[in-house]
Amino acid sequence: MDARKISATLAGEVSFGGETSVHRLGFGAMRLTGDGVWGPPKNRSDAIAVLRRAAELDVNFIDTADSYGPNISEELVAEALFPYPKDLVIATKGGWDRPGPNQWTHNATPAHLREAVEGSLKRLRLERIDLYQLHIPDPVVPFEDSVGTLAQLKNEGKIRLIGLSNVTQEHIERARRIVPIVSVQNRYSFADREWEYVVDYCERNGIAFIPWFPLGAGRVAGQLLEQVARAHQAAPHQVALAWLLKRSRIMLPIPGTSSVKHLEENVAAASMELGDEEFQKLSRVPQLAA
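So, in structure tokens, the structure goes:
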């Protein structure tokens with residue numbers, strides 16, 4: 001791919017509730033932390049360089065969370081990019097506790113979410129968070145209580161827009177009775193389409209869909225990715241991202257990395273055009289692998 005054409009602008013734009021738009025290829029900041037999504041990165045200057053390079057490549061949507069580190073990812077975003085570009089949208093999330101590396105425990109109580117939002121505001125050096133997402137429904141806390149707390153924080157001016165993560169269509173519908181929902185972030189890729197019906201629901205309702213873990217897994221998926229990648233003189237992960245971008249105009253992939261080189265490859269996928277036949281072959285992978 002031509003390095004001169006590396007820009008997130010080439011992916012087009014997606015709207016958050018008609019209030020603001022971002023380029024349709026963002027950056028997920030989870031991998032900037034230490035092993036197990038815990039503690040600081042092995043090389044802080046490298047992490048800062050990745051974030052600054054993302055901004056240079058016109059990435060204007062960054063996804064993070066208070067649980068990444070915990071706190072470390074948000075601190076890195078602020079250190080690298082504050083004062084922020086005018087068009088940059090920073091999304092963060094709350095609803096987990098972190099007792100240790102690779103350990104995640106639910107906590108979406110109203111009290112915890114209020115504390116989480118206040119902490120994120122401070123770490124990100126913001127007066128208002130553009131997009132705040134409930135990281136995951138808490139099985140022991142009424143879902144309406146969690147969403148209602150975010151709605152209150154929105155009314156207080158601490159949150160601009162609200163999104164959900166790791167949810168079913170039922171969750172989205174229940175949340176929308178309380179407050180507008182502008183984004184949904186679930187696991188999704190060409191080879192993992194468990195949440196296909198949620199993508200379709202989001203598309204019908206103008207809700208941005210933010211897929212995480214966008215690369216396919218398994219032997220069949222890997223073989224087909226390699227085949228299509230060779231035809232385009234591209235890397236397999238670029239093909240996987242290109243499939244997501246072609247799948248729907250409400251799709252907002254957020255590939256993460258701690259490498260500038262890998263970041264540039266990810267953003268280059270914004271200019272990659274899959275043929276209809278290639279798209280359909282990749283789309284059939286879940287059936288082929290069954």
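Take the sequence shown: its position 89, counted from the start at 1, is 89 in the working numbering, and no numbers get skipped.
Just so you know, even glycine gets a beta-carbon here, dropped at the ideal spot from N, CA and C.
Predicted model only: the values in this text are computed from it and were never measured.
Requested in this report: Using the Cα positions of Arg284 and Glu273, report the straight-line distance between them to the nearest angstrom.
Outcome: 18 Å
Requested in this report: Please determine if the segment 161–172 and the segment 123–136 are in contact, where contact requires at least 3 C-beta pairs separated by less than 8 Å.
Outcome: Touching, per the Cβ criterion.
Query raised in the report: Just how far apart, CA to CA, sit Pro40 and Ala240?
Result: Across the structure, Pro40 and Ala240 are spaced so that their CA atoms are roughly 29 Å apart.
Query raised in the report: Going by Cα to Cα distance, which pick from His112, Trp96 and Leu113 is closest to Thr300?
Result: Since the first residue of the chain shown is 1 and the last is 290, residue 300 is not available in this structure.
Requested in this report: Look at the Cβ atom of Leu263, then the Cβ atom of Gly26, and state whether they are nearer than 8 Å.
Outcome: no
**Report entry** Backbone secondary structure at Tyr68 - three-state DSSP
**Finding:** coil
Requested in this report: Could I get the ranges of all uninterrupted alpha helix (DSSP H) runs contained in the segment 199–255, with 4 residues as the minimum, in chain order?
Outcome: 219–232 and 236–247
Requested in this report: Quick one: grab the DSSP three-state call for Leu131.
Outcome: strand
Query - Limits of the alpha helix (DSSP H) - the one that Arg44 falls within - result: Arg44 to Glu56
Requested in this report: Go through its chain and collect everything with a Cβ distance to Met1's Cβ below 6 Å, but skip five positions before and after it.
Outcome: Residue placement at Met1 is flagged as unreliable, the pLDDT there being 45, under the threshold of 50; the coordinate-derived value follows with that caveat. Answer for Met1: Ala268, listed in chain order.
Query raised in the report: Per DSSP, Val184 forms a beta bridge with which residues?
Result: Leu164 and Phe209
Query raised in the report: Quick one: is Tyr197 buried, meaning 16 or more other Cβ sit within 10 Å of its Cβ, or exposed?
Result: By the 10 Å Cβ count, Tyr197 comes out exposed.
**Report entry** Leu10 beta carbon less than 8 Å from that of Ala191
**Finding:** no
Query raised in the report: Apart from the five residues on each side of it in sequence, which residues of its chain come closer than 7 Å, Cβ to Cβ, to Pro203?
Result: A quick correction: the sequence has Glu, not Pro, at residue 203. Only Ser248 and Ile250 meet the Cβ criterion.
Requested in this report: Report buried or exposed for Val59, applying the criterion of at least 16 other Cβ atoms within 10 angstroms of its Cβ.
Outcome: buried
Query - The alpha helix (DSSP H) enclosing Thr149, as first and last residue numbers - result: Phe143 to Asn155
Report task. State the beta-bridge partners of Ser258 as determined by DSSP. Result -> Residue pairing by DSSP places Ser258 opposite no residue, since no beta bridge is assigned to it.
Query raised in the report: How close, in whole Å, do the beta carbons of Phe213 and Ser189 come, if the pair is a contact with beta carbons under 8 Å?
Result: Contact holds; Cβ gap of about 6 Å.
Requested in this report: Below 6 Å CB to CB, which residues in the same chain sit around Leu153 once its five sequence neighbours on both sides are set aside?
Outcome: Val117 and Ile159
Query - Contact under 8 Å by Cβ, Thr92 with Thr64 - result: In contact: Thr92 and Thr64 (Cβ atoms closer than 8 Å).
**Report entry** Span separating the alpha-carbon of Gly275 from that of Val199
**Finding:** 21 Å
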